[in-house]
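If you read the sequence shown in this note's numbering, its first letter stands for residue 592, the second for the next number, and so on. Just below is one structure, and these are the notes that go with it.
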Amino acid sequence: MNDEAAVDGGYGASDAPFEWLTSFEAYQHFVLPSTVLGPSALVEEGCTGIQLNALHVGCGTSTAGESLFCLRERLPNADGILRYGCVVNVDKDIKALGSLERRWKGRTVIDDESSGGGGGKMVWKQLDFSSRASCRASLDDVYRNLARSSPSDQSPLPNRPPGSCFDLIFDKSTLDCLLCAEPDAVTGLLCEVYRGLRAPKRDAIRGGVYVVISFHPYDFVRRLLDLPGAEWTVDYRVVKRQVEDISDEEVGISKEVPYTGGSGSVGSEDSPSSSAWSESGVFQPDENYRKTVGVFTCRRRRLSNSDGHDADHRPNYILNWDAVREHVISTCDHEYRATSPLVTIAREEQIRDAFTMELRRQRGVLWDGKNPTLSLKDGYEVIFTPDEKTHYEFDCFLDDWKSYCDSKRLNKDTNSFSVVTALDFLHEMQ
């Protein structure tokens, strides 16, 4: 981040870090350097001490990047250390980045290991995943610098596009958040993640790992990660959510953990999380819905072709953006309309009955096919369940209602609606 950005990044009272979903300790075993490298890579490299590169996407004010940088894993020979030598934190919010950078620089005690021969560094970059130009402007120089520090990763091709440099890309619910935005943002994130992951040069070396923590159902995320043209294996675990109090006293303090052997056997595998929507289209989360999160581990694997390019002459770490976007749209449509429908035949009947009962309670009017109406507030109370209203507040409904009226060019009586309009609204919005 440049000086101007650092000055602009001021959260004031919001400088305090915030950990979304769960604490670092809950998923630490998925991001240990030995787990990311794997046993075959450790043998190949000789276990003399390795520094990895990590990218934290959508960091917000999370301290996960700090925790990764401070993580140390001592090898069995007691002479070698596995660690993250470079951690790059990216987010769209420049104020959040400024807060993290000031926090880190203000409290970190730079020691010989992190400032001398170890070459460790923390980096903060602003980018917008919905913009390909923003990704290139923010990350291409990062890729080039990392490639220069690891000459063995450089391609002999003179015009090789930057990429394929990160051993770990970490995503704690950033994918979840972007799924609430336009498809371009999800497409940009997934394409950049794949571009950034280190591609294995030999069968004995494991490729980079994309670790995604998500509260979405297993089937949905698993289909979404099946990107066209992507060569990676996907593993899945469920972990219990943990809440932690983040202490400033711990910032910048190295944390040494026992060596795991890089077996990749992490955590206990529970049943995949299912949809919180019932077959009738009602939001009914079970008792574990808010207590657990899913962890997806996507590891790059080596392509069978040896020249490192696909049929369109792109480097094999650059996906077809248009194909990925089409895949994102179709996968989301399948999830929202088929797997998690807001409107089903049973749900329609329930809404019609509830609408009729409310009309009768208010005015003694029965459903007679003439489309009597309820106010927006009364209609909102009728068509949504208590659980749905917890996640979809009235103000959000009003915003969607305005968008619906604009799209339908409704100019009259937009302060109330009939059951027919209510059902059409739900079909349009799901």
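Every residue, glycine too, gets a C-beta built ideally from N, C-alpha and C. Since the model is a prediction, treat every value here as computed from it, not as a measurement.
- Query: Along the chain, which unbroken stretches of the beta strand (DSSP E) at least 3 residues long are found entirely within the segment 759-833?
  - Reply: 759-763, 800-805 and 823-831
- Query: When we look at the beta-carbon of residue 771 and count the other beta-carbons within 10 Å, is it buried (16 or more) or exposed?
  - Reply: Here residue 771 corresponds to residue number 180 of the sequence shown, with the count starting at 1. Exposed: under 16 other Cβ atoms inside 10 Å.
- Message: Quick check: what's the CA-CA separation for residue 667 versus residue 681?
- Response: As a first step, residue 667 is located in the sequence shown; it is residue number 76 there, counting from the start. As a first step, residue 681 is located in the sequence shown; it is residue number 90 there, counting from the start. So the two alpha carbons sit approximately 34 angstroms from each other.
- Task: State yes or no: is the C-beta of residue 715 within less than 8 angstroms of the C-beta of residue 688?
- Result: Counting from one through the sequence shown, the residue named residue 715 turns up at place 124. Counting from one through the sequence shown, the residue named residue 688 turns up at place 97. In this structure, residue 688 lies closer than 8 angstroms to residue 715 by Cβ.
- Could you pull out every unbroken alpha helix (DSSP H) segment of at least 4 residues lying fully inside the segment 653-679, listed in chain order? 655-661
- Query: How would you label residue 807, buried or exposed, when you count the other beta carbons within 10 angstroms and need 16 or more for buried?
  - Reply: Residue numbering aside, residue 807 sits at position 216 when the sequence shown is read from its first letter. That one is buried.
- Task: Look up residue 953 in the DSSP assignment and give the residues it is bridged to.
- Result: In the sequence shown, residue 953 corresponds to position 362, counting from 1. Beta-bridge pairing links residue 953 to no other residue.
- Between 775, 626, 965 and 1002, which lies nearest to residue 917 when the distance is taken from Cα to Cα? Indexing the sequence shown from 1 puts residue 917 at position 326. Comparing Cα positions, the closest option is 775.
- Message: Distance check for residue 920 and residue 744, CA to CA, integer angstroms please.
- Response: Against the sequence shown, residue 744 aligns to sequence position 153. Against the sequence shown, residue 920 aligns to sequence position 329. Its pLDDT being 49, under 50, residue 744 is placed unreliably by the model, and the measurement read from it follows with that caveat. Their backbone Cα atoms lie some 34 angstroms apart in a straight line.
- So, residue 758 versus residue 804, is the Cβ gap smaller than 8 angstroms? Numbered from 1 along the sequence shown, position 167 holds the residue referred to as residue 758. Numbered from 1 along the sequence shown, position 213 holds the residue referred to as residue 804. No, the Cβ-Cβ distance between residue 758 and residue 804 is not below 8 angstroms.
- Item | CA nearest to the CA of residue 720, picked from 650, 626, 1021 and 751 | Position 129 of the sequence shown, counting from 1, holds the residue named residue 720. Residue 720 has its Cα closest to that of 650, out of 650, 626, 1021 and 751.
- Task: Run the CB neighbour count on residue 962, radius 10 Å, all protein chains shown included, and call it buried at 16 or more, exposed below.
- Result: On the sequence shown, residue 962 is found 371 positions in, with the first residue counted as 1. That one is exposed.
- Query: Between residue 628 and residue 797, is the Cβ-Cβ spacing less than 8 angstroms?
  - Reply: In the sequence shown, the residue the question calls residue 628 occupies position 37. In the sequence shown, the residue the question calls residue 797 occupies position 206. Result yes, Cβ atoms of residue 628 and residue 797 sit closer than 8 angstroms.
- Task: Note the first and the last residue of the continuous beta strand (DSSP E) segment covering residue 645.
- Result: Start at 1 with the first residue of the sequence shown, and residue 645 comes out as number 54. Start and end: 641-648.
- Buried or exposed (CB count within 10 angstroms, at least 16 for buried), residue 647: Locating residue 647 in the sequence shown gives position 56, counting from the first residue. Burial call: buried.
- For residue 719, name the three-state secondary structure that DSSP assigns. Position 128 of the sequence shown, counting from 1, holds the residue named residue 719. It is coil, neither helix nor strand.
- Query: What residue from 973, 802 and 799 has the CA that sits closest to residue 948's CA?
  - Reply: As a first step, residue 948 is located in the sequence shown; it is residue number 357 there, counting from the start. Looking at the Cα atoms, 973 is the closest of the given residues.
- Query: Given a threshold of 16 other Cβ atoms within 10 Å of its Cβ, counted over all protein chains shown, does residue 986 qualify as buried or as exposed?
  - Reply: Reading the sequence shown from its first residue, position 395 is the one you call residue 986. Exposed: under 16 other Cβ atoms inside 10 Å.
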